[in-house]
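Mapping the sequence shown onto our numbering, position 53 (from 1) lands on 54, and the numbers just tick up by one.
Glycine is no exception: its CB is placed at the ideal position from the N, C-alpha and C atoms.
A short worksheet on the structure shown next.
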Amino acid sequence: MATSKSLGTAQILDALRVITDPGSGKDFVSLGLVANIKVQAGKVSFDLYIPSHAQDHKDEIKRKAVDAVKNIEGVLAVFVNATLKPRPRVVHGQQAVPGVNHVIVVGSGKGGVGKSTSSVNLAFALKKLGYSVGLLDADIYGPSQATMLSKFLSLDAKPEVKENLLIPLDVEGVKTISMGFMIERDQPTVWRAPMATKMIQQFLLGVEWGELDFLIIDLPPGTGDIQLTLSQQSNISGAIVVTTPQKVAVEIARKGLLMFKHVGVPILGVLETMSGFACGDCGSMSAIFGEGGAKALSKEDNVPLLGQVPIDAALVRSCDEGYPIVLKDPQSASSKAYLQAAASIISQVEAQGVGSEQDVVPLAVESLPAVEGSSHRLAIFWSDGFKYTYNAKDLRFYCPCAVCVDEFSGKRRITPDSIAQDVSLEKALPVGRYGVNLVWTDKHTTGIYTYKYLRELDAEKVQERPNPPEESARLSQARS
Ligand code: ADP
Numbered sequence: 002m003a004t005s006k007s008l009g010t011a012q013i014l015d016a017l018r019v020i021t022d023p024g025s026g027k028d029f030v031s032l033g034l035v036a037n038i039k040v041q042a043g044k045v046s047f048d049l050y051i052p053s054h055a056q057d058h059k060d061e062i063k064r065k066a067v068d069a070v071k072n073i074e075g076v077l078a079v080f081v082n083a084t085l086k087p088r089p090r091v092v093h094g095q096q097a098v099p100g101v102n103h104v105i106v107v108g109s110g111k112g113g114v115g116k117s118t119s120s121v122n123l124a125f126a127l128k129k130l131g132y133s134v135g136l137l138d139a140d141i142y143g144p145s146q147a148t149m150l151s152k153f154l155s156l157d158a159k160p161e162v163k164e165n166l167l168i169p170l171d172v173e174g175v176k177t178i179s180m181g182f183m184i185e186r187d188q189p190t191v192w193r194a195p196m197a198t199k200m201i202q203q204f205l206l207g208v209e210w211g212e213l214d215f216l217i218i219d220l221p222p223g224t225g226d227i228q229l230t231l232s233q234q235s236n237i238s239g240a241i242v243v244t245t246p247q248k249v250a251v252e253i254a255r256k257g258l259l260m261f262k263h264v265g266v267p268i269l270g271v272l273e274t275m276s277g278f279a280c281g282d283c284g285s286m287s288a289i290f291g292e293g294g295a296k297a298l299s300k301e302d303n304v305p306l307l308g309q310v311p312i313d314a315a316l317v318r319s320c321d322e323g324y325p326i327v328l329k330d331p332q333s334a335s336s337k338a339y340l341q342a343a344a345s346i347i348s349q350v351e352a353q354g355v356g357s358e359q360d361v362v363p364l365a366v367e368s369l370p371a372v373e374g375s376s377h378r379l380a381i382f383w384s385d386g387f388k389y390t391y392n393a394k395d396l397r398f399y400c401p402c403a404v405c406v407d408e409f410s411g412k413r414r415i416t417p418d419s420i421a422q423d424v425s426l427e428k429a430l431p432v433g434r435y436g437v438n439l440v441w442t443d444k445h446t447t448g449i450y451t452y453k454y455l456r457e458l459d460a461e462k463v464q465e466r467p468n469p470p471e472e473s474a475r476l477s478q479a480r481s
């Protein structure tokens, strides 16, 4: 993060607002598709996340971005890293699993609806689309991936442990870990929920996943402890709910969907399996398990329908042979449905993360000169496109450090009068991934302002605040 008086991040962001997403028509900066801006001796570099629907325009967008920045006075060279991968999910500066850009859970209301089959095939479909993928079989009571991948792995394959981390097994480029690799084949898993939950966390964080675009987690069916713990504790990019078309299955799937919503996990969509049977002779479709269930669920609960996988005997065979259909027969109707669903997942991930409050971080902090009758000001350019302008004196007054606020009572130890009218910002130093240390010209250096706090300090109000003590009380209350 840079405080800038000459060439700075803020100027570059402003220039890049001319780049628009052909899909939504919104500008790239507001959509949060620009990141990692670096400026050094007139050389500017940044990352551009091109949405997959705009992939045909990638070169044109990149060229426009270079031209826009090149035109800024003082810029000597521009380096753009344009990628078609979705922007990583980071919540309050943290990833769910370090190094993994997106964690996606696959759940279902009840067992036997094709959740594991779908998790495996979606993982390979995402791999086929060019992403790096991991697959975690968290269905610890009925792990099936060792069987579903048995063409590539011996049934007694065991992951190695290095420096206390499990090394996932590589199946055609997808990193996999399953409870099935850890227990004897004919042993039942007899664990109480707390133990099972602990095991899942161990799986999530105790595995050397490396750098991944996606980690697909195959959850146990239902809405129990494990599902809840996993959903609550991780910065999950989203959930997929798998269901068959029957009314009874859909009703239970809705419970799963509501659970995810309840704990704030974004729903990427519903995937319907065993959707209809194509007659081998005439090709006509029969709705053996009913029809329209997932479509209705998607409509009523306002979530996307990711796809419909037909009832497919070849898919069952491929599961039994341990050879996922997306690898075995990529041209089959089921594989096409999974590939299409994977593409929809990408679009959903691209759309849901952008501009979400949780993801917002400051991209630049800029000192602005005093205007007549007021103190210096300070502009923060946030990753969701907002620019907050603070009155420097007010922001200094609201310093959250222990010198300025009594830690126990929350009472402010300083008064507005004790702060110099002409105080301004000297530097802004990033602290971890969650805040910024503002260093003021009055030599006050201990204030660490979290991004959350800076967003809560409604900039307009800070400037117009008529009665500082009251406002201070409101803020301390809001923080406690
Ligand atoms: P879950 O994980 O929901 O318990 P599975 O993925 O283990 O379900 O699938 C249960 C059974 O249904 C397996 O035998 C699998 O081969 C079969 N199956 C999955 N999807 C389909 C489909 N689209 N058509 C026919 N059978 C399927």
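Using a Cβ-Cβ cutoff of less than 6 angstroms, which residues in the same chain neighbour residue i once the five nearest sequence positions on both sides are dropped?
{"i": "residue 136", "result": "124, 175, 177, 217"}
{"i": "residue 342", "result": "272, 307, 308"}
{"i": "residue 89", "result": "102"}
{"i": "residue 227", "result": "197, 198, 201, 221"}
{"i": "residue 449", "result": "432, 436, 438"}
{"i": "residue 351", "result": "52, 87"}
{"i": "residue 381", "result": "363, 366, 389"}
{"i": "residue 251", "result": "244, 294, 298"}
{"i": "residue 420", "result": "394, 397, 398"}
{"i": "residue 335", "result": "310, 313, 316, 326"}
What is the DSSP secondary structure of residue i, reduced to helix, strand or coil?
{"i": "residue 88", "result": "coil"}
{"i": "residue 458", "result": "coil"}
{"i": "residue 50", "result": "strand"}
{"i": "residue 68", "result": "helix"}
{"i": "residue 17", "result": "helix"}
{"i": "residue 10", "result": "helix"}
{"i": "residue 422", "result": "coil"}
{"i": "residue 278", "result": "strand"}
{"i": "residue 102", "result": "strand"}
{"i": "residue 74", "result": "coil"}
{"i": "residue 351", "result": "helix"}
{"i": "residue 333", "result": "coil"}
If you compare alpha carbons, which of the options is closest to residue i?
{"i": "residue 79", "options": "90, 86, 85, 64", "result": "64"}
{"i": "residue 444", "options": "35, 14, 425", "result": "425"}
{"i": "residue 18", "options": "31, 415, 276, 447", "result": "31"}
{"i": "residue 267", "options": "44, 329, 346", "result": "346"}
{"i": "residue 121", "options": "40, 390, 321", "result": "321"}
{"i": "residue 86", "options": "134, 110, 71, 107", "result": "134"}
{"i": "residue 132", "options": "215, 152, 53", "result": "215"}
{"i": "residue 442", "options": "265, 407, 328, 379", "result": "379"}
{"i": "residue 105", "options": "276, 219, 419", "result": "219"}
{"i": "residue 265", "options": "245, 236, 251", "result": "236"}
{"i": "residue 337", "options": "24, 126, 420", "result": "126"}
{"i": "residue 68", "options": "203, 13, 262, 296", "result": "13"}
{"i": "residue 370", "options": "423, 409, 16", "result": "423"}
Checking the sheet assignment: what are the DSSP bridge partners for residue i?
{"i": "residue 429", "result": "439"}
{"i": "residue 367", "result": "380"}
{"i": "residue 29", "result": "Paired residue(s): none; residue 29 is not in a bridge."}
{"i": "residue 445", "result": "Looking at the DSSP assignment, residue 445 forms no beta bridge with any residue, so it has no partner."}
{"i": "residue 389", "result": "381"}
{"i": "residue 82", "result": "48"}
{"i": "residue 177", "result": "136, 170"}
{"i": "residue 107", "result": "219, 241"}
{"i": "residue 413", "result": "406"}
{"i": "residue 39", "result": "46"}
{"i": "residue 268", "result": "240"}
{"i": "residue 163", "result": "166"}
Report buried or exposed for residue i, applying the criterion of at least 16 other Cβ atoms within 10 angstroms of its Cβ.
{"i": "residue 314", "result": "exposed"}
{"i": "residue 138", "result": "buried"}
{"i": "residue 1", "result": "Not covered by the structure: residue 1. The range shown for the chain is 2 to 481."}
{"i": "residue 159", "result": "exposed"}
{"i": "residue 481", "result": "Because residue 481 carries a pLDDT of 34, less than 50, the predicted location of this residue cannot be relied on, and the following value inherits that uncertainty. Its Cβ having fewer than 16 others within 10 Å, residue 481 is exposed."}
{"i": "residue 181", "result": "buried"}
{"i": "residue 77", "result": "exposed"}
{"i": "residue 470", "result": "Per-residue confidence for residue 470 stands at a pLDDT of 36, beneath the threshold of 50, marking its modelled position as unreliable; the derived number appears in the next sentence. Its Cβ having fewer than 16 others within 10 Å, residue 470 is exposed."}
{"i": "residue 377", "result": "buried"}
{"i": "residue 10", "result": "buried"}
{"i": "residue 39", "result": "exposed"}
{"i": "residue 416", "result": "exposed"}
{"i": "residue 156", "result": "exposed"}
Among the residues of its own chain, which have a CB less than 7 angstroms from the CB of residue i, if the five just before and after it don't count?
{"i": "residue 447", "result": "402, 404"}
{"i": "residue 465", "result": "Only weak support exists for where residue 465 lies, its pLDDT of 38 falling under 50; the value from the coordinates is given anyway. Result list for residue 465: empty, nothing under 7 angstroms."}
{"i": "residue 212", "result": "100, 133"}
{"i": "residue 71", "result": "79"}
{"i": "residue 257", "result": "108, 109, 110, 224, 242"}
Beta-carbon within less than 8 angstroms of residue i's beta-carbon, same chain only, minus the 5 sequence neighbours each way: which residues are those?
{"i": "residue 169", "result": "135, 160, 176, 177, 178, 208, 209, 210"}
Can you determine whether any heavy atom of the ligand FAD sits closer than 7 angstroms to the C-beta of residue i, and answer yes or no?
{"i": "residue 330", "result": "Although the ligand FAD was asked about, the structure shown includes only the ligand ADP as ligands."}
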